[in-house]
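Following: one structure in structure tokens, then a few remarks.
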Amino acid sequence: MDPAMPRYDRARDAEGGRVDDLRRRGKYLIADLDTDRDLILHLGMTGILRWRGEDGWDGSDPYVRATIELDDGSMLDFRDVRRFGTFVVTPAGEHERLPTLAALGPEPLSGAFTREGFHRALSSTRQQVKPFLLSQRPVAGVGNIYADEALWRARIRPTARRIGRERSDRLWHAIRTVLAESIEREGTTFRDYQMVNGESGRNADFLVAYGQGGRPCPRCGEPMRKGVVGGRGTTWCARCQR
DNA sequence: AGCTTGTCCTGACTGC
DNA sequence: TGCAGTCAGGACAAGC
1 MDPAMPRYDR
11 ARDAEGGRVD
21 DLRRRGKYLI
31 ADLDTDRDLI
41 LHLGMTGILR
51 WRGEDGWDGS
61 DPYVRATIEL
71 DDGSMLDFRD
81 VRRFGTFVVT
91 PAGEHERLPT
101 LAALGPEPLS
111 GAFTREGFHR
121 ALSSTRQQVK
131 PFLLSQRPVA
141 GVGNIYADEA
151 LWRARIRPTA
161 RRIGRERSDR
171 LWHAIRTVLA
181 ESIEREGTTF
191 RDYQMVNGES
201 GRNADFLVAY
211 GQGGRPCPRC
221 GEPMRKGVVG
231 GRGTTWCARC
241 QR
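For the first sequence, full-length UniProt numbering gives the first residue as 1, with consecutive numbering after it.
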């Protein structure tokens, strides 16, 4: 760790710890350390984990914020250009008490994400549907790209505040489809995202909403509209998303 | 209490 | 060509 980077200071508390178990919850990576601590990592927008393998990456890069040594002696670098990523270290087993993780919705591709529960969540707020999705409360892991894609697929306007059961079920299904397809294609590389081996995800070529402002809607031909919803760039079809 | 707006951060892009 | 200004957004803080 570079001590001159206060944003990542907490990672110091993980030094010397060995990873016993590693899992994912929403956009968070959670490692159980043998030093009776949990290490929670969020990649933020531009964060990636990059392995020093045989593909030319050697970790010499001004944006490497932390490095993890693996059992076989190889190195895993955390590269984060815009410093939106975060490290948090808690006592063992207490990561669930972090406010964000405690309020995190169910895993979208698990049985815990039900149509009923999702509809109940959507009915519990008068927020616009897109910012509500981005809050991670109704379901975990949906960011700006997949929110636009799922709302397009479900034919729901991002600014809608009241979602009936039929539309809620459509959105439930759209979220699962959009995420499953992107995972199948190993993620969306718009600019920064890379896998540990430096390769790009292949989902960007399949986006129909995010970043497609001005292009014809693949469903109805209307030019896709670009605007701001909840302070975030948003693209949708004003004709077939109601 | 619930919702909305502002902030962080830095490279890429736009326009003069 | 150079440079200022703007944009991108995940999560959280602050404000209404």
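Backbone N, C-alpha and C define an ideal beta-carbon position, used for all residues, glycine too. Please read all numbers here as calculations on a predicted model, not as lab measurements.
Backbone secondary structure at residue i - three-state DSSP
i: isoleucine 30; result: strand
i: tryptophan 57; result: coil
i: methionine 1; result: Residue confidence for methionine 1 is low, a pLDDT of 42 falling below 50, so the modelled location carries little weight; the figure read from the coordinates is stated next. Correct three-state label for methionine 1: coil.
i: glutamate 69; result: strand
i: isoleucine 183; result: helix
i: threonine 235; result: strand
i: arginine 225; result: strand
i: aspartate 192; result: coil
i: alanine 103; result: coil
i: arginine 176; result: helix
i: serine 74; result: coil
i: tyrosine 210; result: coil
i: serine 168; result: helix
i: glutamate 199; result: coil
i: glutamate 96; result: helix
i: glutamate 15; result: coil
For residue i: DSSP bridge partner residues
i: valine 64; result: Arg79
i: residue 243; result: Given a span of 1 to 242 for the chain in the structure shown, any question on residue 243 remains unanswerable.
i: aspartate 48; result: According to the sequence as given, residue 48 is isoleucine; it is not aspartate. Looking at the DSSP assignment, isoleucine 48 forms a beta bridge with Arg79.
i: aspartate 38; result: Asp32 and Thr90
i: aspartate 21; result: Asp32
i: proline 216; result: Pro223
Sequence-distant residues of the same chain with beta carbon closer than 6 Å to residue i, five excluded per side
i: cysteine 217; result: Met224 and Cys237
i: arginine 155; result: Cys240 and Gln241
Own chain residues within Cβ distance below 7 Å of residue i, not counting five before or after
i: threonine 46; result: Asp80, Val81, Arg82, Phe84 and Asp192
i: glutamate 94; result: Asp38
i: alanine 204; result: Thr188, Thr189 and Phe190
Rounded C-alpha distance that separates residue i from residue j
i: aspartate 2; j: histidine 173; result: Only weak support is given to the placement of aspartate 2: the predicted model assigns it a pLDDT of 43, under 50, and the question is left unresolved by the model.
i: proline 108; j: glutamate 184; result: 15 Å
i: glutamate 186; j: glutamate 96; result: 27 Å
i: aspartate 20; j: aspartate 32; result: 5 Å
i: glutamate 69; j: alanine 102; result: 29 Å
i: threonine 234; j: aspartate 58; result: 37 Å
i: valine 208; j: aspartate 148; result: 9 Å
i: aspartate 77; j: glutamine 194; result: 12 Å
i: leucine 98; j: lysine 27; result: 14 Å
i: aspartate 72; j: arginine 170; result: 46 Å
i: glutamate 54; j: glutamine 127; result: 48 Å
i: threonine 114; j: threonine 159; result: 23 Å
i: tyrosine 146; j: valine 139; result: 12 Å
i: threonine 35; j: arginine 18; result: 7 Å
i: histidine 42; j: leucine 29; result: 6 Å
i: glycine 231; j: arginine 153; result: 22 Å
Boundaries of the alpha helix (DSSP H) in which residue i is found, first to last residue
i: phenylalanine 132; result: 129-134
i: proline 158; result: No alpha helix (DSSP H) contains proline 158, which DSSP labels as neither H nor E.
Extent of the continuous beta strand (DSSP E) to which residue i belongs
i: arginine 120; result: Segment 115-123 is the alpha helix (DSSP H) holding arginine 120; no beta strand (DSSP E) there.
Same chain only: Cβ atoms within 8 Å of residue i, ignoring 5 sequence neighbours per side
i: valine 142; result: Pro108, Leu133, Leu134, Gln136, Ala150, Ile175 and Leu179
i: glutamate 199; result: Glu186
i: glycine 44; result: Asp80, Arg82, Arg83, Phe84, Gly85 and Thr86
i: alanine 4; result: Confidence in alanine 4 is poor, its pLDDT being 42 and thus under 50, which makes the residue's placement too unreliable to answer from.
Heavy atom of the ligand ADP within 7 Å of residue i beta-carbon
i: alanine 103; result: Of the ligands one can find in the structure shown there are none, so the ligand ADP has no counterpart to examine.
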